[in-house]
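J.: Sharing a structure with you now.
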Amino acid sequence: MWSFGTTMTMAKDREPSPEKPLEPTQAPQSPQNTIQPPEPRPPILSQRSLNQLGLFFAGAGFLALSTVITRRAVARKHRVTIPKFFQPSNRPVTKIQSDSSLIALEALNLATLNVMGFGIMVTGGLAWAFDVSSIDDLRKMARRHIGPPGGQTDEEAEREVEEWVAKVLLRKEQNEKEAQSPPSKNK
76 MWSFGTTMTM AKDREPSPEK PLEPTQAPQS PQNTIQPPEP RPPILSQRSL NQLGLFFAGA
136 GFLALSTVIT RRAVARKHRV TIPKFFQPSN RPVTKIQSDS SLIALEALNL ATLNVMGFGI
196 MVTGGLAWAF DVSSIDDLRK MARRHIGPPG GQTDEEAERE VEEWVAKVLL RKEQNEKEAQ
256 SPPSKNK
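Residue numbering for the sequence shown follows my numbering, beginning at 76 and increasing consecutively.
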């Protein structure tokens, strides 16, 4: 027998083992689980994952393009306000040759492009992070967190409601009986 310090020792190979040989045993049968084990995630470079990342990168590209367009528009508006080289710089800048309502419309359009690009990018990133590649996947994930079809019932709440309805109906019947029978006078 040889050892590695005080913690690890190995038995001799030639000595018979005092333990019984291992026999294949059946695992105890457990009752059927109602909780489903989580599905294994596909690898990062699988076709499904690449489709999900495609939406993310499409959104990132759209956001980059809209940012370039926005920067170009802002630079063009800024360039108009700078005086020409041979123009005196002490005079006030002439008005920009565009209508102010069109400037506001252009700003709204550019902001919408930027927000749409960011939204597409976030949607793609969340779809990849939560492993959702279609509406059916999203439904399955939502139903898995909501519970079985029909939901679960709270037996105690059901019983309380049933008792309350019985009391209300009993009072209603008593009121109807009293209203139908005229009061009798004792002589």
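Note that beta-carbon positions come from the ideal geometry of N, C-alpha and C, so glycine has one too.
In terms of residues, what are the limits of the alpha helix (DSSP H) holding residue 212?
T.: Start and end: 210-221.
J.: Keeping to the same chain, check which residues put their C-beta closer than 6 Å to that of residue 245; ignore five residues upstream and five downstream.
T.: Contacts found: none.
J.: When the Cα atoms are used, what is the spatial distance from residue 140 to residue 233?
T.: C-alpha separation (whole angstroms): 58 Å.
J.: In whole angstroms, give me the CA-to-CA distance for residue 196 and residue 156.
T.: Between residue 196 and residue 156, the C-alpha separation is close to 35 Å.
J.: Going by other Cβ atoms of all chains shown within 10 Å of its Cβ, with 16 needed for buried, is residue 183 buried or exposed?
T.: The residue is exposed, with fewer than 16 neighbouring Cβ atoms inside 10 Å.
J.: Out of 251, 127 and 148, point me to the one whose CA is closest to residue 177's CA.
T.: Answer by Cα proximity: 148.
J.: Let me make sure I understand the geometry here. Which of 132, 254 and 240 has the alpha-carbon closest to that of residue 192?
T.: Considering only alpha carbons, the answer is 132.
J.: What does the Cβ neighbour count give for residue 202, buried or exposed, with the cut at 16 atoms within 10 Å?
T.: Counting Cβ neighbours within 10 Å, residue 202 comes out buried, since at least 16 surround it.
J.: In the DSSP assignment, the alpha helix (DSSP H) including residue 252 goes from what residue to what residue?
T.: 230-255 is the span of the alpha helix (DSSP H), which, as asked, contains residue 252.
J.: What does the alpha-carbon distance come out to for the pair residue 252 and residue 237?
T.: Whole-angstrom Cα-Cα distance: 23 Å.
J.: What's the C-alpha gap between residue 256 and residue 218?
T.: So the alpha carbons of these two residues sit roughly 56 Å apart.
J.: Judging by CA-CA distance, which residue of 188, 152 and 235 is the nearest neighbour of residue 175?
T.: It is 152 whose Cα lies nearest to the Cα of residue 175.
J.: Taking C-alpha atoms, which residue in 190, 230 and 243 lies nearest to residue 145?
T.: The shortest C-alpha separation from residue 145 is found at 190.
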